[in-house]
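Asker: This is the structure, below, for whatever I ask next.
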């Protein structure tokens with residue numbers, strides 16, 4: 001069986017039709033030829049865009065010369081009311097300063113420190129699913145969102161999602177994503193930062209609510225730091241780390257920007273990845289049983305994570321088929337040559353993990369779920385040259401290592417306790433807005449694994 005994949009559009013459509021398709025779902029707005037093309041050019045009256053799947057070009061943009069390909073503000077403009085000047089949207093010296101402060105919090109030694117909070121969130125998720133494991137068809141996306149949000153709040157602020165403010169932030173983020181499309185006017189019409197962006201009223205209201213709640217949590221933490229009573233979590237680490245070049249630390253408004261992107265990136269992407277992985281395992285019960293068997297041999301320790309080899313390969317394969325962030329946009333600042341074609345300054349450069357990870361010239365059987373591919377030569381080559389679920393190079397997601405640990409831990413905990421089965425006639429359809437989610441939910445049946453084994 002081939003996992004769910006959105007239909008491609010016809011090769012030629014009008015600009016107006018393309019804009020309507022793109023606004024609804026950026027994946028089904030693309031033609032099928034992008035799954036085998038090394039590069040494609042798209043022209044509008046306002047700019048030119050180049051999607052690149054050539055591994056050499058991707059390496060040039062992300063690894064070799066990243067300063068020559070800064071992030072484009074065409075997509076970022078739509079997120080600025082919420083994310084402000086977060087590390088996700090900035091470029092140049094400001095971005096480098098932010099990374100010098102943030103990166104130490106996610107260094108290898110610190111990941112060990114976050115493990116107990118991740119595991120506690122997983123234990124809570126297992127407990128919440130217990131009354132739902134009756135074989136009834138259920139949309140599991142709310143559950144994976146709850147679990148991922150719990151991880152973020154426990155690791156960042158040492159509070160569970162049941163904390164009143166944490167729950168309010170979670171609810172406000174859901175409201176924001178229902179109102180904010182990935183595109184607004186700024187994505188297609190160039191203009192200065194002060195140009196009106198025409199956000200919906202409820203979008204701005206949700207952003208204000210989120211930022212007010214995060215400001216409250218951040219101000220409280222700053223007071224705890226000054227009083228010497230702050231817990232040793234990610235928020236404390238980031239707020240007390242000084243830029244080694246300038247000696248500056250984040251103030252409250254700057255920290256609010258960073259917490260907003262930590263929650264959006266760390267919660268939304270993890271929730272999507274976990275939901276798609278459970279769907280793939282429901283689709284392939286043989287792999288699900290292998291993960292469950294491996295999980296039951298895990299001793300529950302951080303050092304024991306090295307034994308979850310099958311679990312990691314399953315999660316890695318899920319990120320290949322359903323990369324949480326389907327497209328990334330950079331911009332040229334000087335003349336370039338892409339595959340013998342002249343590219344002018346100001347052109348948009350689109351990198352699409354969705355298409356790259358399913359490229360027919362790179363991967364064997366690219367649309368199939370096959371965790372064993374990562375032990376093959378083709379899989380190892382693809383991982384080096386064409387696998388970017390967290391981007392690559394200097395701008396690689398600072399939480400990539402954290403996300404891989406979180407994915408393995410939550411999967412091991414959930415699969416050791418429960419079995420997930422497909423629901424006939426309720427196959428999910430991927431749609432992409434901020435992340436790759438489903439059009440009508442992720443419907444699965446959940447059963448207690450122990451009772452299922454006894455009944456068989």
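In the working numbering, the protein residues as written are 1 to 456. All C-beta atoms, glycine included, are put in the ideal place defined by N, C-alpha and C. The structure displayed is predicted, hence computed values, not measured ones.
1) Could you tell me how far apart the beta carbons of residue 207 and residue 81 are, in whole angstroms, since I believe they sit closer than 8 angstroms?
2) Taking Cβ positions, are residue 395 and residue 66 nearer each other than 8 angstroms?
3) Measuring from the CB of residue 261, is there a heavy atom of the ligand FMN at a distance below 7 angstroms?
4) Which residues in the same chain as residue 129 place their Cβ atom closer than 8 angstroms to its Cβ, once the five residues preceding and following it in sequence are excluded?
5) At 4 residues or longer, and completely inside the region 353-424: list those alpha helix (DSSP H) runs for me, N to C.
6) Under 8 angstroms between the Cβ atoms of residue 326 and residue 354?
7) Please go through the region 49-97 and give each complete alpha helix (DSSP H) segment of 4 or more residues, from N-terminal end onward.
8) Pick helix, strand or coil for residue 284, following the three-state DSSP scheme.
9) Does the separation of the CB atoms of residue 431 and residue 25 fall below 8 angstroms?
10) Measure the beta-carbon distance from residue 2 to residue 421 and round it to whole angstroms, keeping in mind my assumption that it falls under 8 angstroms.
11) Given a threshold of 16 other Cβ atoms within 10 Å of its Cβ, counted over all protein chains shown, does residue 502 qualify as buried or as exposed?
12) Measuring CA to CA, which of 213, 260, 278 and 157 is closest to residue 225?
13) What is the residue span of the beta strand (DSSP E) that residue 115 lies within?
14) What did DSSP end up calling residue 331 once you bin it into helix, strand or coil?
15) Taking residue 265 as the reference, which of 254, 83, 35 and 359 has the closest Cα?
16) Going by the beta-carbon positions, is the gap between residue 97 and residue 257 smaller than 8 angstroms?
17) Bridge partners of residue 448, per DSSP?
18) Of the residues 271, 39, 339 and 117, which one's Cα is nearest the Cα of residue 434?
19) DSSP state of residue 256, grouped into three classes?
20) Let's test the definition: count the other Cβ atoms within 10 Å of the Cβ of residue 46 and tell me whether it reaches 16, buried, or not, exposed.
21) Could you pull the start and end residues of the beta strand (DSSP E) that residue 540 belongs to?
22) Just verifying my parser: in three-state terms, what is the DSSP assignment at residue 438?
23) Counting only the same chain and skipping the five closest in sequence on each side, list residues whose C-beta sits under 7 angstroms from that of residue 102.
24) If I'm right that residue 294 touches residue 308 with Cβ under 8 angstroms, what's the distance once you round it to whole angstroms?
25) Are any of the Cβ atoms in chain C nearer than 8 angstroms to that of residue 340?
26) Are the beta-carbon atoms belonging to residue 61 and residue 356 less than 8 angstroms from one another?
27) In chain order, what residues of the same chain have a beta carbon less than 6 angstroms from the beta carbon of residue 286, not counting five sequence neighbours either side?
28) If you draw a straight line from the C-alpha of residue 39 to the C-alpha of residue 92, how long is it?
29) How would you call residue 119, buried or exposed, if buried means at least 16 neighbouring beta carbons within 10 angstroms?
30) In chain order, what residues of the same chain have a beta carbon less than 7 angstroms from the beta carbon of residue 298, not counting five sequence neighbours either side?
31) Can you name, in chain order, every residue of its own chain whose Cβ lies under 7 angstroms from the Cβ of residue 170, other than the five neighbours on each side?
Answerer: Result, derived from the coordinates:
1) 4 angstroms
2) yes
3) The ligand FMN is not among the ligands present in this structure, which contains no ligands whatsoever.
4) 143, 414, 417, 418 and 446
5) Qualifying alpha helix (DSSP H) stretches, in chain order: 353-356, 377-385 and 400-417.
6) yes
7) 55-59, 73-76 and 80-83
8) coil
9) yes
10) Not really, about 18 angstroms apart at Cβ, beyond 8 angstroms.
11) For residue 502 there is no data in the structure shown, the boundaries of the chain being 1 and 456.
12) 157
13) Element bounds for residue 115: not the beta strand (DSSP E) but the alpha helix (DSSP H), 108-129.
14) strand
15) 83
16) No, they are not a contact pair.
17) 418
18) 271
19) helix
20) exposed
21) Past the boundaries of the shown model lies residue 540; the chain is included only from 1 to 456, so the question cannot be answered.
22) It is a strand residue.
23) 87, 238, 258 and 398
24) Right, their Cβ atoms sit about 6 angstroms apart.
25) The structure shown has no chain C; it contains just one protein chain.
26) Contact: no.
27) Here the set comprises nothing.
28) 27 angstroms
29) buried
30) Cβ-Cβ distances below 7 angstroms link residue 298 to 304, 307, 308 and 412 in the same chain, with the five nearest sequence neighbours on each side left out; the list follows chain order.
31) 149 and 161
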